[in-house]
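Read the structure below first, then the notes.
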Amino acid sequence: MTVSLEQLRRCHVAVDLGAARTRVFVKGAGLVVDEPSVAAVNTRTGGLIAVGAFAERMTGRTPGYIRVVRPVSGGSVVDIDMAQRMLRSLLGERLRRQLRRKPLLRAAACTPHDCDPLAQRATVETLVGLGARRVELVDTLIAAAVGCGLPVAEPTATMILVCGAATTQVAVLSMGSIVTAERIPVGGHAIDHAVIQYLRHQHQLMLPSQSVRPLHLALHGNGLTAQGPAATEIHGRDVATGLARSVVVETAAVRQAIHTPLTAVLDGIGRVLRDCPPDLVADLADRGITMVGGSARLPGLDQMLRDATGMPVQIADRPDVCAVLGLGEMLEGRVEPLALDPLAGAR
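So for the sequence shown, UniProt numbering puts the first residue at 1; every next one is plus one.
This is the structure:
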């Protein structure tokens with residue numbers, strides 16, 4: 001953990017700036033913001049038109065002078081000014097006034113594992129621009145493990161897989177710290193892209209930007225497993241003519257296209273296990289892997305990991321909000337540090 005629990009207890013607000021969604025937890029109020037990390041801007045005037053879910057619905061449906069932007073990419077802020085404007089609008093005037101009453105506003109934020117100092121600085125500057133006097137950074141892997149109830153502080157191994165929109169992070173935790181971890185540049189967006197490319201190359205079909213989620217298109221039923229429906233009808237636009245067209249796609253072929261990016265995730269899990277001490281790997285044989293993140297809900301992904309690793313795999317109760325809820329528990333003081341007293345046995 002990058003900061004102590006005592007420092008986090010002094011914070012008033014926790015922010016999880018993700019590539020897909022932005023979540024804000026306020027001490028004493030709980031989760032107050034859970035919206036897509038999207039903003040729509042009028043390029044003629046520079047004014048902000050919409051943020052969150054409404055801006056996401058505008059994607060691909062706006063005239064030329066309206067631009068839909070995502071100020072967060074891969075869990076890191078890439079446009080500080082737009083991220084600040086988006087957060088101000090998502091928080092609302094009433095909540096901003098409530099936070100401004102704090103004489104020394106402290107904020108905590110999740111950062112991806114092993115992110116570079118520039119990405120950390122961008123996150124800090126984004127929150128400082130909103131009025132935070134001090135910003136504490138916490139590794140997303142630690143926050144997510146706390147949020148889904150894993151015994152992070154105990155001297156036993158716990159393995160967590162954070163399936164994000166842009167990246168997948170996997171780590172083995174013990175004694176409140178990361179023993180070994182890996183960040184893989186494959187997430188939900190890569191799975192969407194694999195489905196889009198398959199339909200474009202094999203069926204000359206272009207999909208609407210709002211209809212690329214594979215679990216809504218071709219992974220009905222049991223998802224990545226072979227027990228789902230044999231074929232699925234998909235609507236889109238013909239590449240050559242530009243007219244609306246429907247095609248019947250074999251879900252087995254779509255499953256094969258999706259497995260290609262997921263192979264990188266399996267390779268990352270293998271590298272983490274190889275770098276982990278043997279005693280901790282023995283603990284994982286019983287405890288298994290816990291999946292969190294929005295892409296953890298992809299149907300059949302947990303079964304594919306079970307088959308590949310031979311370990312138990314379970315999905316957290318609320319996988320998409322585990323990271324911000326974990327930060328919230330630290331802010332509320334519900335997480336107790338592990339107390340080590342090496343002289344206890346000698347008394």
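Yeah, the Cβ is synthetic: ideal placement off N, Cα and C, and Gly gets one too.
Length of the line joining the Cα atoms of residue i and residue j
i, j, result
"G236", "M206", "6 Å"
"R334", "V26", "15 Å"
"M58", "L305", "35 Å"
"G75", "D302", "23 Å"
"G310", "L325", "30 Å"
"T232", "A190", "21 Å"
"L217", "I234", "Residue placement at L217 is poorly supported in this model, since its pLDDT is 47, which falls under 50; the coordinates still yield a value, given next. Rounded to whole angstroms, L217 to I234 spans 7 Å at the Cα level."
"R245", "G300", "29 Å"
"T167", "I269", "13 Å"
"H113", "V78", "17 Å"
"T22", "L104", "23 Å"
"S243", "Q204", "Rather than Ser, the amino acid found at residue 243 in this sequence is Leu. If you take the alpha carbons of L243 and Q204, they lie about 11 Å apart."
"residue 355", "Q197", "Beyond the ends of the chain as shown, which are 1 and 347, falls residue 355; an answer cannot be given."
"S177", "A153", "8 Å"
"V135", "L298", "33 Å"
"R101", "V162", "35 Å"
"C276", "M82", "40 Å"
"E35", "A20", "9 Å"
"H220", "E56", "For H220, the pLDDT reaches just 47, beneath the cut-off of 50, and the residue's location in the model is therefore unreliable, leaving the point undetermined."
"M175", "I160", "14 Å"
"I80", "G47", "16 Å"
"V3", "A285", "30 Å"
"P214", "T251", "Because P214 carries a pLDDT of 49, less than 50, the predicted location of this residue cannot be relied on, and no value is offered for it."
"G149", "E329", "10 Å"
"I258", "R133", "44 Å"
Strand pairing of residue i, partner residues [DSSP]
i, result
"S76", "S73"
"S177", "S174"
"V249", "T232"
"C110", "V138"
"F25", "A14, L31"
"A50", "A40"
"T158", "L173"
Beta-carbon proximity of residue i to residue j, cut-off 7 Å
i, j, result
"T290", "A308", "no"
"G64", "L90", "no"
"A194", "P117", "no"
"L87", "L141", "no"
"A143", "L127", "no"
"T111", "L95", "no"
"G70", "V38", "First, the residue type needs correcting, since residue 70 is Arg and not Gly in the sequence shown. In contact: R70 and V38 (Cβ atoms closer than 7 Å)."
"R67", "T43", "yes"
Presumed contact (8 Å Cβ cut-off) between residue i and residue j, rounded CB distance
i, j, result
"G187", "A165", "5 Å"
"A122", "L327", "Not a contact, Cβ separation roughly 18 Å."
"T62", "A29", "That belief does not hold up - the Cβ atoms of T62 and A29 are roughly 34 Å apart, past 8 Å."
"P312", "V292", "At roughly 15 Å, the Cβ-Cβ gap does not stay under 8 Å, so P312 and V292 are not in contact."
"E125", "V272", "E125 to V272, Cβ: 32 Å. No contact."
"L331", "C11", "5 Å"
Nearest neighbour of residue i, chosen from the options [CA to CA]
i, options, result
"A18", "D139, G30, R133", "Before going further, note that residue 18 is Gly rather than Ala in the sequence given. Residue D139 is the option with its Cα nearest to G18."
"V265", "Q169, D116, L118", "Q169"
"A296", "A240, C322, V272", "C322"
"L280", "S4, A171, H203", "A171"
"V248", "C115, D275, A230, L87", "A230"
"P151", "D320, G288, R9, K102", "G288"
"A240", "H201, L273, P278, D267", "H201"
"P155", "G294, D283, V292, H12", "D283"
"A109", "Q7, P208, I49, G294", "Q7"
"D238", "L199, E250, R255, V254", "L199"
"I184", "R133, D267, C11", "D267"
"Q98", "V32, S73, A119, A157", "V32"
"S73", "A119, G92, I49", "A119"
"Q314", "A145, T180, V179", "A145"
"A157", "V254, D16, P278, V24", "P278"
"V254", "P208, R274, D192, R85", "D192"
"A50", "G92, D16, V24", "G92"
CB contact check: residue i to chain B, cutoff 7 Å
i, result
"D238", "Checking the listed chains, one finds no chain B in this structure; it contains a single protein chain."
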